[in-house]
Amino acid sequence: MVFPQTRFICIHGHFYQPPRENPWLEYIEVQESAHPYHDWNERIAEECYIPNTEARIVDSDNRLVEVVNNFEHISFNFGPTLLSWLERFARDAYETILHADHTSRKTRSGHGNAMAQAYNHMILPLASRRDKITQVVWGIRDFRSRFNRDPEGMWLPETAADQETLQVLVDHGIEFTVLSPTQAMGCRESAAHDWQSLNPGTIDPSRPYVCNLPNGSKITILFLDGPISHGIAFESLLNSAEEFVRRILAGFSASRPWTQLVTVATDGESYGHHHRFGEMALACAVQSLEREPRVILTNFGEFLDLYPPTAEVELIEKSSWSCAHGVGRWSDDCGCCLEAKDGWTQKWRKPLRSALNLLRDRADHVFEKETAILFRNPWEAREQYIQMKLADPPSWGSFIADHQCRSLTEEESTLAAKFLEMQRNRMLMYTSCGWFFDDITGLESMQILTYAARVMQLASPFDESLHKDFLAELSSAVSNNNAHQTADELFRDYVYTQRVDLRQVAAHVGIMSLVGHSAQGMNSYCYDTALGQHVRKASGQWSIFLGEVAVESRITGEKQVFVVAVLHLGGVDFRSSVKDFTSHEDHVKEGQDLLASFAVQSSTDLVRKMDRYFPGRYFTLSDIFAEERAKLLETITENMYSEQADSFAAFYRKSKDLARFIKKSRAPLPDTFLAAAGFVLNRALQSELKKLESGRYPDGLKRVFRETKFWGMAPDRNSVARLLNRHMLNLVKKLDEDSFDSGVPQEINKFLDLCRYVGVSVNLGQAQTRFFQILKAQKARHSGTLPSHFHDLANRLSIDIRSL
1 MVFPQTRFIC
11 IHGHFYQPPR
21 ENPWLEYIEV
31 QESAHPYHDW
41 NERIAEECYI
51 PNTEARIVDS
61 DNRLVEVVNN
71 FEHISFNFGP
81 TLLSWLERFA
91 RDAYETILHA
101 DHTSRKTRSG
111 HGNAMAQAYN
121 HMILPLASRR
131 DKITQVVWGI
141 RDFRSRFNRD
151 PEGMWLPETA
161 ADQETLQVLV
171 DHGIEFTVLS
181 PTQAMGCRES
191 AAHDWQSLNP
201 GTIDPSRPYV
211 CNLPNGSKIT
221 ILFLDGPISH
231 GIAFESLLNS
241 AEEFVRRILA
251 GFSASRPWTQ
261 LVTVATDGES
271 YGHHHRFGEM
281 ALACAVQSLE
291 REPRVILTNF
301 GEFLDLYPPT
311 AEVELIEKSS
321 WSCAHGVGRW
331 SDDCGCCLEA
341 KDGWTQKWRK
351 PLRSALNLLR
361 DRADHVFEKE
371 TAILFRNPWE
381 AREQYIQMKL
391 ADPPSWGSFI
401 ADHQCRSLTE
411 EESTLAAKFL
421 EMQRNRMLMY
431 TSCGWFFDDI
441 TGLESMQILT
451 YAARVMQLAS
461 PFDESLHKDF
471 LAELSSAVSN
481 NNAHQTADEL
491 FRDYVYTQRV
501 DLRQVAAHVG
511 IMSLVGHSAQ
521 GMNSYCYDTA
531 LGQHVRKASG
541 QWSIFLGEVA
551 VESRITGEKQ
561 VFVVAVLHLG
571 GVDFRSSVKD
581 FTSHEDHVKE
591 GQDLLASFAV
601 QSSTDLVRKM
611 DRYFPGRYFT
621 LSDIFAEERA
631 KLLETITENM
641 YSEQADSFAA
651 FYRKSKDLAR
661 FIKKSRAPLP
671 DTFLAAAGFV
681 LNRALQSELK
691 KLESGRYPDG
701 LKRVFRETKF
711 WGMAPDRNSV
721 ARLLNRHMLN
731 LVKKLDEDSF
741 DSGVPQEINK
751 FLDLCRYVGV
761 SVNLGQAQTR
771 FFQILKAQKA
781 RHSGTLPSHF
791 HDLANRLSID
801 IRSL
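According to the working numbering, the sequence shown holds residues 1 to 804 in order.
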């Protein structure tokens, strides 16, 4: 087959995760389903985002021969909320992604590989025009602040589009977007030709199209190749780089008279998360394609600059790439689901959206009414609020100065910030993933209800019936997973109970201070806290804390000083009482009276006095924040078990020989012995893992694995593997020019031997690629010569030095 023209290929990755932060802490709390990782963002970063910045190419012997930054070769967009997380928690990968766009501008005629995305993955055809505008504006501003340029194109969440959405894109300078071929209704060669009606998915995706909008403006539409893209996402096409390349090249046809562009577009997580080693297949594919004659890997901006569209397209209104029914997946029981299960429906989707629409409209009414005396233009202030979220540090004073309609007091300024946060969370609660999956009890649906709870907390003081009306609307949403459980019950029992105010933060600080944690530890969240005058006393298992705690939100500027009393009567029995601070003198007598009762260990008298001096609600261990609560419970449990540890260890040692004989005799081991062995060996494993976390060699790990294997137990190999891999990466990072003759290579070999001995399969990807880069740098500095132990280590890490 002979092609007269150059063939262009654009591989696009839509990299996105839903926002997962606790809206009161601005922090993702631990997600057990992501184990052994802290949360799903961290897990997918390790499996996809980081590997794509350093994708490995290996030879037939599985030895590393090259490292490729895939983002320099493909078109991509990242969700802004995901980029924000990467900036904080995976900084190296974040900067490599930004650099890839900068590099691509040099190699692709000034057009960067990165596209913008509407801000928090809201389904825009279902949104109000005002929300469409803010989502696009925030997406553009976020993109500009990170990539230092204006975006040419914007990825629409789920490629969901309607005319109003496309018009908003054009109004804000966006030149093109990418859609699914199933979204095209008709096309024509030019204005001089007749329109041709299309069956879904039959438009030719190998060329760009002009979409004319009602007001006379136009936007360019590119269509992904449906079969090839589907093959990448769902048909294991990434199992073979050769087949991947073959399928892409098969997308061209010699019969087409125009210069062709084959576009494949999938979720970026296909490359490494959904398909293990998918990033390696992608790296091999782009290298193979770059060697193909008359084939050019490009991005959309570069191609459109060379070959502007001439054909025209009409689109199906309110359509998307992942719902055969338009946008029903995010609004109704349309039939789209991940897994068909007997008796399951998605009838919960419609009342969920209705309830959120009610909350949106009522919150918007509150916003307009209450901010009319604060801002010159409240909705313009909302549009500009993204600048505050991007600034480091944010300058709230200058923002207020730019938007206030008069000089605001400190209290009014805080109120203004709360209303803007209400609007931000009001948009986050429409994140598309909340409707995508099969039940309302899923992680994603519960997350958007959490954002709704934050909106409720901020809006309901100005709308007395809002909470009741919202729950009434939610009551029609019934869970499949928990029979007869309705969304209003879920919201009331599991979501709204999570809300936090400054008083609870103070209670948390009091409890953590009593057990020896610094009050400043709270600063990892979005609060600054400080202890004023305070006292701690302990007597046996009892302890007490009395003190002043200052709390300030870094999000809204809200701040207050409290007096906190915490009583711990042992175990998990904590009681933390909080009231407003008035003056030191007012609280001295109360404190002395409480301490006197504490001194004589009169619990009844002490609790009565706490109730008298601190009327109203008190807080318990259940009210402190989840991660600190887990750590505190671990400490309490460890202290409790440590009292019995010697007895269990002695029993295990004394019984081992008999148990070995029983096992060799193929008789069942006594449950008592297995319980003791499990207790002792699990504690030993935890001790070895703590050594790894602190960078020490786990010299007892071999023994623990040997004994657990003998008794037929299953240690947590995933946690061990992850810690071993992290430690080896840290060791490799030490291999700079000053440590050529150090013991680091020997230490790495020691850890590799340990992995082999204990039978832990470790993903050496990051350690391997880092060492490869060190080798390249050192080889360049030293005229191609390397120390002999570097050759040995390269061999152990399966790196082909000859490739350098």
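C-beta atoms are modelled at their ideal positions from N, C-alpha and C, and glycine is treated no differently.
Range of the contiguous alpha helix (DSSP H) that encloses residue i
| i | result |
| --- | --- |
| Thr604 | Ser603 to Tyr613 |
| Gln686 | Asp671 to Glu693 |
| Ser539 | Counting along the chain, Ser539 falls outside any alpha helix (DSSP H), though it belongs to the beta strand (DSSP E) covering Tyr527 to Ser539. |
| Arg146 | Arg129 to Phe147 |
| Ile511 | Leu502 to Leu514 |
| Phe661 | Ala626 to Lys664 |
| Ala477 | First-last for Ala477: undefined, no H or E at that position. |
| Glu312 | Note, Glu312: premise wrong, no alpha helix (DSSP H); beta strand (DSSP E) at Ala311 to Leu315. |
| Asn755 | Checking the displayed sequence, the identity of residue 755 turns out to be Cys instead of Asn. Unbroken alpha helix (DSSP H) run through Cys755: Val744 to Val758. |
Burial state of residue i (16 or more Cβ within 10 Å)
| i | result |
| --- | --- |
| Val566 | buried |
| Asn299 | buried |
| Asn120 | buried |
| Arg454 | buried |
| Lys389 | buried |
| Lys418 | buried |
| Val245 | buried |
| Asp580 | exposed |
| Thr556 | buried |
| Pro257 | exposed |
| Phe772 | buried |
| Ile219 | buried |
| Ala363 | buried |
| Phe661 | exposed |
| Thr710 | Residue identity differs from the one stated: residue 710 is Phe in this sequence, not Thr. Label assigned to Phe710: exposed. |
| Lys664 | exposed |
Straight-line Cα distance separating residue j from residue i
| i | j | result |
| --- | --- | --- |
| Gln520 | Ala184 | Any answer about Gln520 is weak, because its pLDDT of 49 lies below 50 and its placement is not dependable; what the coordinates show is given next. Distance between the alpha carbons of Gln520 and Ala184 is about 56 angstroms. |
| Leu530 | Gln560 | The amino acid occupying residue 530 in the given sequence is Ala; Leu does not appear at that position. One C-alpha to the other measures close to 11 angstroms. |
| Arg802 | Glu380 | 60 angstroms |
| Tyr494 | Val30 | 16 angstroms |
| Met713 | Ile440 | 37 angstroms |
| Asn62 | Leu449 | 47 angstroms |
| Tyr451 | Phe673 | 49 angstroms |
| Glu21 | Cys48 | 20 angstroms |
| Val58 | Glu66 | 7 angstroms |
| Met1 | Cys323 | Low per-residue confidence applies at Met1: pLDDT is 48, beneath 50, and the placement is therefore not dependable enough to give any value. |
| Arg612 | Pro351 | 45 angstroms |
| Leu340 | Gln346 | Per the sequence shown, residue 340 should be read as Ala rather than Leu. One C-alpha to the other measures close to 11 angstroms. |
| Thr53 | Asn70 | 6 angstroms |
| Gln260 | Asp171 | 29 angstroms |
| Ser622 | His365 | 35 angstroms |
| Leu304 | Pro208 | 8 angstroms |
| Val535 | Leu632 | 20 angstroms |
| Asn763 | His35 | 16 angstroms |
| His484 | Asp438 | 16 angstroms |
First and last residue of the uninterrupted beta strand (DSSP E) at residue i
| i | result |
| --- | --- |
| Val455 | Segment Leu443 to Ala459 is the alpha helix (DSSP H) holding Val455; no beta strand (DSSP E) there. |
| Asn77 | Ser75 to Phe78 |
| Trp542 | Trp542 to Ser553 |
| Leu169 | Per DSSP, Leu169 belongs to no beta strand (DSSP E); it is in the alpha helix (DSSP H), Gln163 to Asp171. |
| Met185 | Ala184 to Arg188 |
| Val178 | Phe176 to Leu179 |
Bridge partner(s) assigned by DSSP for residue i
| i | result |
| --- | --- |
| Val262 | Ile9 |
| Leu723 | Beta-bridge pairing links Leu723 to no other residue. |
| Asp580 | Phe562 |
| Trp330 | Answer is none; Trp330 lacks a bridge partner. |
| Trp155 | Gln117 |
| Tyr618 | Ser577 |
| Leu297 | Ile9 |
| Asn215 | Asn215 is not bridged to any residue. |
Give, in chain order, every unbroken run of the alpha helix (DSSP H) that is at least 4 residues long and sits entirely within the segment 239 to 285. Taking only runs of at least 4 residues, the alpha helix (DSSP H) segments lying wholly in the segment 239 to 285 are 241 to 249.
Please specify which runs of the alpha helix (DSSP H), each continuous and at least 4 residues long, are wholly inside the segment 333 to 404, giving them in chain order. 349 to 371, 378 to 384, 386 to 390 and 396 to 403
In chain order, which alpha helix (DSSP H) runs of at least 4 residues are fully inside the segment 54 to 101? Segments of the alpha helix (DSSP H) lying fully in the segment 54 to 101: 80 to 89.
Quick one: which unbroken alpha helix (DSSP H) runs of 4-plus residues sit fully inside the segment 412 to 444? Chain order, please. 433 to 436
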